[in-house]
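K.L.:
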Amino acid sequence: MYPLRRNRRLRTNESIRSLVRETIISPNDFLVPLFIVEGKGIKQEIPSMPNYYRFSLDLLEHEVKELWKSGLKSVLLFVKVPESLKDNKGTEALNPNGLMQRAIKTVKNVCPGMLVMTDVALDPYSSFGHDGIIQDGKIINDDTVDVLAQMSLSHALAGADFVAPSDMMDGRILAIREALEDDGFTDTGIMSYSAKYASAFYGPFRDALDSAPADIKTIPKDKKSYQMDYANRFEAIRETEMDIDEGADIVMIKPGLCYLDIVREIKNEVDVPVAVYQVSGEYAMLKAAAEKGWLDHDAVMMEQITAIKRAGADVIASYFAKDVVKLINS
Ligand code: PBG
Numbered sequence: 180m181y182p183l184r185r186n187r188r189l190r191t192n193e194s195i196r197s198l199v200r201e202t203i204i205s206p207n208d209f210l211v212p213l214f215i216v217e218g219k220g221i222k223q224e225i226p227s228m229p230n231y232y233r234f235s236l237d238l239l240e241h242e243v244k245e246l247w248k249s250g251l252k253s254v255l256l257f258v259k260v261p262e263s264l265k266d267n268k269g270t271e272a273l274n275p276n277g278l279m280q281r282a283i284k285t286v287k288n289v290c291p292g293m294l295v296m297t298d299v300a301l302d303p304y305s306s307f308g309h310d311g312i313i314q315d316g317k318i319i320n321d322d323t324v325d326v327l328a329q330m331s332l333s334h335a336l337a338g339a340d341f342v343a344p345s346d347m348m349d350g351r352i353l354a355i356r357e358a359l360e361d362d363g364f365t366d367t368g369i370m371s372y373s374a375k376y377a378s379a380f381y382g383p384f385r386d387a388l389d390s391a392p393a394d395i396k397t398i399p400k401d402k403k404s405y406q407m408d409y410a411n412r413f414e415a416i417r418e419t420e421m422d423i424d425e426g427a428d429i430v431m432i433k434p435g436l437c438y439l440d441i442v443r444e445i446k447n448e449v450d451v452p453v454a455v456y457q458v459s460g461e462y463a464m465l466k467a468a469a470e471k472g473w474l475d476h477d478a479v480m481m482e483q484i485t486a487i488k489r490a491g492a493d494v495i496a497s498y499f500a501k502d503v504v505k506l507i508n509s
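Residues 180 to 509, numbered by this note's numbering, are exactly what the sequence shown covers, in order.
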């Protein structure tokens, strides 16, 4: 009696394994998040994100050129806004000469081919660290959406290729699409954070931008009234389908690893590109474990990235992008 099939034949050595491998990682898979600060000559390591930095605009130029040389062709911009410029309505977000607007121009100037996506949300600009305007002890939806639409327009005007609303307000994709169309930005795309969960994995990111929700009496210190409950699956499909109907070009699921069931489900359901954000806490966990010598950094990193792509990600936003590309180019 022999086994009818011997699956191990296809695993005999690396040549046959690579011949039949289903998921291949390349620089084209990645969107690189970049953190930007005011100032000159600044390259500041983020304490909870080892080997990840905030850049001032002058040093951003060098970073962007390096990314381009290594084959990374898309970036996602985030800005750290000085405390003195924050208010409830995120007024600074609309400043045509604000840090984000200058960052977009800087990237496009040094590297015109680089695809520039921008984070659209109020939290880095909000004195309360929330993604919406607060009124009568509540995060209000529709007035927030108005600001998000203006903010998107401002990014498009500065040269952004895509805006990426990460706020989870209702109806913002339609409002942004209409605002862009009205002003002639018909080619500016929208990558919607469509299934964004209220996750504890965003901690290090909020350190990076100093954007954690503030301690205020009337509002809980979390984002659960707008970001999704991680217990829910159908809600992710509903959110995503609505964003596509409203005009999203790319949809995103966030975080990554704990949500790969959702990624696969949405990938099977929709016909637009699906992005996954492997978030700051996922990055921090692996860096910490590797630092302690408990996990093999590169091996676990590749396993995670491959799993995200296998689950259905067409686009991966990841702080590991540079590390991965260095590894596959070596
Ligand atoms: C802001 C925003 C967040 C992230 C991306 N955009 C934080 C939040 O919603 O609190 C998280 C990214 C990460 O953790 O890497 N709207």
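By construction, the Cβ of each residue, glycine as well, lies at the ideal position given by its N, Cα and C atoms. Please read these numbers as outputs of a predicted model, since none were measured by experiment.
When the distance is taken between beta carbons, is leucine 213 closer than 7 Å to lysine 252?
P.N.:
Not a contact, by the Cβ cut-off of 7 Å.
K.L.:
Thinking methionine 407 and glutamate 414 are a contact (beta carbons under 8 Å), I'd like their distance in whole angstroms, please.
P.N.:
At roughly 6 Å, the Cβ-Cβ gap stays under 8 Å, so methionine 407 and glutamate 414 are in contact.
K.L.:
Return the Cβ separation of leucine 264 and isoleucine 283 in integer angstroms, given the expectation that the two are a contact with Cβ distance under 8 Å.
P.N.:
With 8 Å as the limit, leucine 264 and isoleucine 283 do not qualify as a contact, their Cβ atoms being about 18 Å apart.
K.L.:
What residues in its chain sit with their C-beta under 6 Å from that of serine 378, if we drop five residues either side in the sequence?
P.N.:
Counting only Cβ-Cβ distances below 6 Å, and skipping sequence neighbours, we find Pro434.
K.L.:
Is it the case that the CB of valine 458 approaches a heavy atom of the ligand PBG more closely than 6 Å?
P.N.:
Yes; taking the cut-off as 6 Å, the Cβ of valine 458 has a heavy atom of the ligand PBG nearer than that.
K.L.:
With a CB to CB cut of under 6 Å and the five nearest residues on each side skipped, what residues in its chain are close to glutamine 329?
P.N.:
So the list reads Leu273, once near-sequence residues are dropped.
K.L.:
Is aspartate 502 near the ligand PBG, with its Cβ less than 6 Å from a heavy atom?
P.N.:
The answer is no for aspartate 502.
K.L.:
Drop a sphere of 10 angstroms on the beta-carbon of alanine 337, count the other beta-carbons inside from all chains shown, and report buried for 16 or more, exposed for fewer.
P.N.:
With 16 or more other Cβ atoms within 10 Å, it is buried.
K.L.:
What are the uninterrupted segments assigned as beta strand (DSSP E) that are 3 or more residues long and contained completely in the region 223 to 299, given in chain order?
P.N.:
Segments of the beta strand (DSSP E) lying fully in the region 223 to 299: 228 to 235, 253 to 258 and 294 to 299.
K.L.:
Please identify the residue among Met370, Lys402 and Asp361 whose C-alpha is closest to the C-alpha of alanine 339.
P.N.:
Alanine 339 has its Cα closest to that of Met370, out of Met370, Lys402 and Asp361.
K.L.:
With a threshold of 6 Å, establish whether the CB of phenylalanine 384 neighbours any heavy atom of the ligand PBG.
P.N.:
Result yes, Cβ under 6 Å from the ligand PBG.
K.L.:
Leaving out the 5 sequence neighbours to the left and right, which residues in its chain are closer than 7 Å to alanine 500 when beta-carbon positions are compared?
P.N.:
Cβ within range, chain order: Phe209, Val211 and Leu251.
K.L.:
What residue from Lys219, Leu239 and Ala454 has the CA that sits closest to valine 375's CA?
P.N.:
The question names valine, but residue 375 is lysine in the sequence shown. The option with the nearest alpha carbon to lysine 375 is Ala454.
K.L.:
Report the residue from His334, Lys268, Asp266 and Tyr181 whose alpha carbon sits nearest the alpha carbon of aspartate 298.
P.N.:
For aspartate 298, the nearest C-alpha among the options comes from His334.
K.L.:
Just to confirm, does serine 345 get its C-beta within under 6 Å of one of the non-hydrogen atoms of the ligand PBG?
P.N.:
Correct: serine 345 has its Cβ closer than 6 Å to the ligand PBG.
K.L.:
Run through the DSSP bridge pairs and tell me what lysine 375 is partnered with.
P.N.:
Looking at the DSSP assignment, lysine 375 forms a beta bridge with Lys433.
K.L.:
Determine contact between the region 454 to 467 and the region 425 to 440, defined as no fewer than three beta-carbon pairs at a distance below 8 Å.
P.N.:
The region 454 to 467, when compared against the region 425 to 440, does touch it at the 8 Å Cβ threshold.
K.L.:
Three-state secondary structure (DSSP) at lysine 466?
P.N.:
Reduced to three states, the DSSP call for lysine 466 is helix.
K.L.:
Between the C-alpha atoms of methionine 480 and leucine 465, what's the straight-line distance to the nearest angstrom?
P.N.:
If I take the Cα positions, the gap works out to 8 Å.
K.L.:
Taking lysine 287 as the reference, which of Glu240, Ile313 and Val258 has the closest Cα?
P.N.:
Per the Cα distances, Glu240.
K.L.:
Which residue wins for smallest C-alpha separation from glutamate 217, given the options Pro261, Arg417, Gly363 and Trp473?
P.N.:
Selected option, being the one with the closest Cα: Pro261.
K.L.:
Which stretch, first to last residue, makes up the alpha helix (DSSP H) that contains leucine 183?
P.N.:
No alpha helix (DSSP H) holds leucine 183; DSSP gives it neither H nor E.
K.L.:
If we call anything under 7 Å between Cβ atoms a contact, is aspartate 362 one with leucine 332?
P.N.:
Yes.
K.L.:
Whose C-beta lies closer than 8 Å to the C-beta of phenylalanine 307 among residues of the same chain, with five residues either side of it excluded?
P.N.:
The residues are Asn267, Ile313, Pro392, Ala393, Ile395 and Ile398.
K.L.:
Out of curiosity, what's the CA-to-CA distance linking serine 227 and leucine 388?
P.N.:
So the two alpha carbons sit approximately 12 Å from each other.
K.L.:
So, for isoleucine 495: in the same chain, excluding its five sequence neighbours on each side, which residues have a beta-carbon less than 6 Å away from its beta-carbon?
P.N.:
If we look at isoleucine 495 and ignore the five residues flanking it on each side, its Cβ neighbours are Asp208, Phe209, Val455 and Ile487.
K.L.:
Select from Glu242, Ile507 and Ala300 the residue whose C-alpha is nearest the C-alpha of aspartate 289.
P.N.:
The amino acid occupying residue 289 in the given sequence is valine; aspartate does not appear at that position. Answer by Cα proximity: Glu242.
K.L.:
Using a threshold of 6 Å, is the CB atom of aspartate 302 nearer than that to any non-hydrogen atom of the ligand PBG?
P.N.:
Yes; taking the cut-off as 6 Å, the Cβ of aspartate 302 has a heavy atom of the ligand PBG nearer than that.
K.L.:
Span of the beta strand (DSSP E) holding leucine 213?
P.N.:
Start and end: 209 to 216.
K.L.:
Would you please state the rounded distance, in angstroms, between the beta carbons of threonine 202 and arginine 489? I believe it to be under 8 Å.
P.N.:
Contact flag correct, Cβ pair sits at about 5 Å.
K.L.:
Given 8 Å as the limit, is there contact between the region 439 to 455 and the region 467 to 485, that is, 3 or more CB pairs closer than that?
P.N.:
As far as the Cβ criterion goes, the region 439 to 455 does not touch the region 467 to 485, which means the pair count is below three.
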